[in-house]
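Sequence lines, in order, name chains A and B.
Position 41 (the first sequence) corresponds to 41 in the working numbering; numbering is contiguous.
Position 176 (the second sequence) corresponds to 506 in the working numbering; numbering is contiguous.
The structure appears right after this line, and notes come after that.
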Amino acid sequence: MVQPEPLEPDEDSGLDALLEQLIGSENVEPDPEQAQIRETLYNFGFIDEDSKREVRRKTLKAVAIPGHLVPFASRDLPVAKGWGTGGLQLTFSIIKPDDLLKVIDQGDDDSVNAVNLRRLIQRTTGVPITTDTTLASIVQTRHRVPEEPMREDQILVLQVPMADPLRWVQPYIERSTEMHAEMDYAPIWVYMYESVVQSGDMDISSQYPVMVEGRYLMDTTPCPRYDVPRLHMSETLYLYGAGREKRIYAIPPYSRVEPLEFEDFPFRTEHKPEQFCEKCGSTNTYLTRHYIEEKQGGEGRWAFFCSDTSYCQKHILMKTGEKAEKVSGE
Amino acid sequence: MQTTRLQKPEDKIYFNAATFRLLLDCMSRPGKIIQLNSPDFLDQAPDHPDFVGVPLNSFALGAFLSLLDGEVGFAVGVSENWVASDAEIARWLTLRCGSKLTVPSEAALAFFCEGTSVNSIRDLHQGTLLEPELSATVFYCVEKLAEITDQEDSAKQGLELELKGPGILNFRRLSVDGITRDGIAEITAARHYPLGVDVFLVDRSGLCVGLPRTTKIEVISLQSR
């Protein structure tokens, strides 16, 4: 299949309309004066103060024991468990009025889950919202670490569906807690070995298990493997909240995070250098596949786009800006 | 005459949220010196139990209170002893957070009125291998914390510490006045990773440093005092 040139798609593809729409979309720069006033029907940050204190105490312990699952009393929220309640409770417990928040879902700022969580946080705290990773002080995310590198003054809150990496080999959490205590990780190594022998690859495509500081085996949430190397010695604090599983864990900055790998079968990401994003043309980002329907009833096709939409949009703006400068220079 | 002031509940909420972020920063970057916010108690901070008329470190008290609620108990250490439940400080704290003074081995948080009272740290819960998170979090009041930069000569007072571990890129150095070499040895003795107590040092001007159990502490020199 012939891939269309990035940035110059043919007219029939409908991509240029999409491009125009993206570039023409309103500016997302936050305006502090327009920070929305929260609804005073709710406590600041929705959950009550005692619950926040519990989450805060557990978060401090999670940071002190990198990678260890700390149980907490997960509260009911106006969001079903499994839709980001762990991340929400962490965000509500750490947020303060002068924060700037970004919420993403699979790298996307505009998906239903991201929009709804963002609305809930904004209505009950009044903090301003941004889609720009570099401006946000807290980023709450599902499945992705943003493409742009995060800094020391930022916090990444991850929503976690399954917290225990030993779930693959030990379904009983009482038993797997003992295994963590004893550092008994032999069964997961056997599991990894078997998947290499049977399928020629590690069967675990996302939520790849990692060793944190050489002590605790940790689940990376359904992050794609592409994001796993970013956890190692990162500048940013990573907080993980699993609402349904009632667990909090964390990776402090500058911590050793090593994916499980064999000497003769090293850890690999799913990144392919020959693939590129059809919107912005970038080759060094995590791409997801989308089905594009053709006009006039023609056959559709699959296309790759950046999973991180705000980074993609920035990249487009940068490129078209460069182009415009070139034209005006001539 | 003491005048009665009203405090908006929101002020307390914002204070707790902001203080927690500072404590979280301290805990995730051990050795980084961070200025705590001054708490707005409606009255004076209680007196130090052993020094009549000397108020306790209000910055440390504010941070301590921001983490306490009715679900957990606390302990207060003074000059190598634990205070009894009828002590003024215990009642003052209970009145403000609903938390009760308990025996040290059950306390989730402990407050040491001065850096010399560290001997009792071994009474505190250090967690179990199944539940290492049950260990106590400790606030120590010390005299002065300062960063050590290479340019400075060693005019500073107190212990010079070198820290390594998660949260620190290579190493961090700081000087602590108000805690003895034995005190640091007590802190390090109370940790066998993943077990151990997590410590905050708070000085008189509200500067705070976190020493989680992952941090390796080394005393590099003892300045003349």
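C-beta atoms are modelled at their ideal positions from N, C-alpha and C, and glycine is treated no differently.
For clarity, every value in this text was computed on a predicted model and none was experimentally measured.
The three-state reading of DSSP puts A:S176 in helix, counting H, G and I together. Judged by pairs of C-beta atoms under 8 Å, the stretch 251–262 of chain A touches the stretch 228–235 of chain A, as three or more such pairs exist.
Around the Cβ of A:R175, a 10 Å sphere holds fewer than 16 other Cβ atoms; the residue is exposed.
Contact residues of the stretch 168–183 of chain A toward chain B are T177, E178, H180, A181, E182 (C-beta to C-beta distance below 9 Å). S93, I94, I95, K96, P97: these are the residues of the stretch 87–109 of chain A whose beta carbon lies less than 8 Å from some beta carbon of chain B, given in chain order.
Chain B places a beta carbon closer than 8 Å to that of A:Y254, counting this residue as a contact.
Secondary structure of A:I37 (DSSP, three-state): coil. B:A375 sits away from B:P360, with the two beta carbons spaced by 8 Å or more. Burial state of A:W83 is buried, judged by a 10 Å Cβ sphere holding 16 or more other Cβ atoms. For the C-beta of B:Y470, not a single chain A residue is nearer than 9 Å; the gap to the nearest is close to 16 Å.
The contact set of B:T424 on chain A, defined by CB atoms closer than 8 Å, is empty, because the minimum CB distance reaches about 15 Å. Contacts with chain A at 8 Å (Cβ-Cβ) do not include B:P434. A distance below 6 Å between beta-carbons, with the five flanking residues on each side excluded, links A:V145 to the following residues of its chain, in chain order: D227, R230. A:N284 sits exposed, since fewer than 16 C-beta atoms from the chains shown fall within 10 Å of its C-beta. Residue contact check for A:V70 against chain B: a CB pair falls below 8 Å. Between A:L88 and A:V79, the C-beta spacing is below 8 Å.
Interface residue (Cβ-Cβ distance to chain B less than 8 Å): A:V228 is not classified as such. Going by beta carbons, A:T131 and A:K102 fall inside the 8 Å limit. A residue is called buried once 16 or more other Cβ atoms fall within 10 Å of its Cβ, and A:T40, having fewer, is exposed. Contact annotation: in the stretch 509–527 of chain B, residues whose CB is within less than 8 Å of a CB in chain A are Y523, P524. Counting of Cβ neighbours within 10 angstroms places A:Q159 among the buried residues, the total reaching 16 or more.
Counting C-beta atoms within 10 angstroms of its own C-beta, A:Y291 has fewer than 16 neighbours from the protein chains shown and is therefore classed as exposed.
For B:T467, the enclosing beta strand (DSSP E) has its first and last residue at 467–471.
Assignment of beta-bridge partners to A:L166 by DSSP yields no partner. Pairing B:C538 with B:L366 gives a Cβ-Cβ distance under 8 Å. Bounds of the alpha helix (DSSP H) holding B:T424 are 418–427.
In the DSSP assignment, B:V448 is bridged to no other residue. By the Cβ criterion, the stretch 343–361 of chain B is in contact with the stretch 524–538 of chain B, since at least three pairs of Cβ atoms, one from each stretch, lie closer than 8 Å. In this structure, A:A186 keeps its C-beta atom at 8 Å or more from the C-beta atom of A:L69.
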